[in-house]
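The next block holds one structure in the form of structure tokens; read it before the comments.
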Amino acid sequence: MATYLHTCYRVLDIDRSVAFYRDGLGMEVVKSMPIRDEATNTFMRFPGEDEPWLELTLNFDRDKPYELGDGYGHVALTVDDLDATLAELAGKGIQPEKPPYTVRDGGSRLCFVRDPDGYRIELIGRS
Numbered sequence: 005m006a007t008y009l010h011t012c013y014r015v016l017d018i019d020r021s022v023a024f025y026r027d028g029l030g031m032e033v034v035k036s037m038p039i040r041d042e043a044t045n046t047f048m049r050f051p052g053e054d055e056p057w058l059e060l061t062l063n064f065d066r067d068k069p070y071e072l073g074d075g076y077g078h079v080a081l082t083v084d085d086l087d088a089t090l091a092e093l094a095g096k097g098i099q100p101e102k103p104p105y106t107v108r109d110g111g112s113r114l115c116f117v118r119d120p121d122g123y124r125i126e127l128i129g130r131s
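Residues 5 to 131 in the working numbering are what the sequence shown lists, from first letter to last.
Have a look at this one:
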């Protein structure tokens, strides 16, 4: 049987990315580890959770943005209060792509933000 472990993003500035996920979304750094002299992996998660982890990989030989491709969609997170979360993010300079909306009548409100490397993150308010 398989178990989901983590999602990996390749980033250009590890400090900027860690700040976004830590200060913006409330994640914590679990560990950082070198991969020979090629890269550094930084693993993050939400406080109180064991899994899943987000792996941020900084490749030392890369200085231009990565192409996200048209196959990538987003990572989804639930938040207790979407409006409060968006207000907190706005205070940190993080704006949603567009105002919150619902996909269907009676559905949860949601919106998307982007991390410093352009990866989309769906924020879904808990109903």
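Note that beta-carbon positions come from the ideal geometry of N, C-alpha and C, so glycine has one too.
For Thr106, the residue or residues it bridges with in DSSP: Here residue 106 corresponds to residue number 102 of the sequence shown, with the count starting at 1. According to DSSP, Thr106 bridges with Arg113.
Spatial distance of Gly30 from Ile128 (CA atoms): The sequence position of residue 30 within the sequence shown is 26, counting from 1. The sequence position of residue 128 within the sequence shown is 124, counting from 1. Using only the alpha carbons, I get a separation of about 15 Å.
Element boundaries [beta strand (DSSP E), containing Thr7]: By one-based count along the sequence shown, residue 7 stands at place 3. Element bounds for Thr7: n/a, residue is neither H nor E.
Local Cβ density within 10 Å of Asp19, reported as buried at 16 or more and exposed below that: Residue mapping note: residue 19 aligns to position 15 of the sequence shown, counting from 1. Asp19 comes out exposed.
At least 3 beta-carbon pairs within less than 8 Å: the stretch 51–71 vs the stretch 9–23: yes
The stretch 71–91 touching the stretch 36–44, judged by at least three CB pairs closer than 8 Å: no
Start-end ranges of the beta strand (DSSP E) lying completely within the stretch 27–106, minimum 3 residues: 32–39, 43–49, 57–63, 79–83
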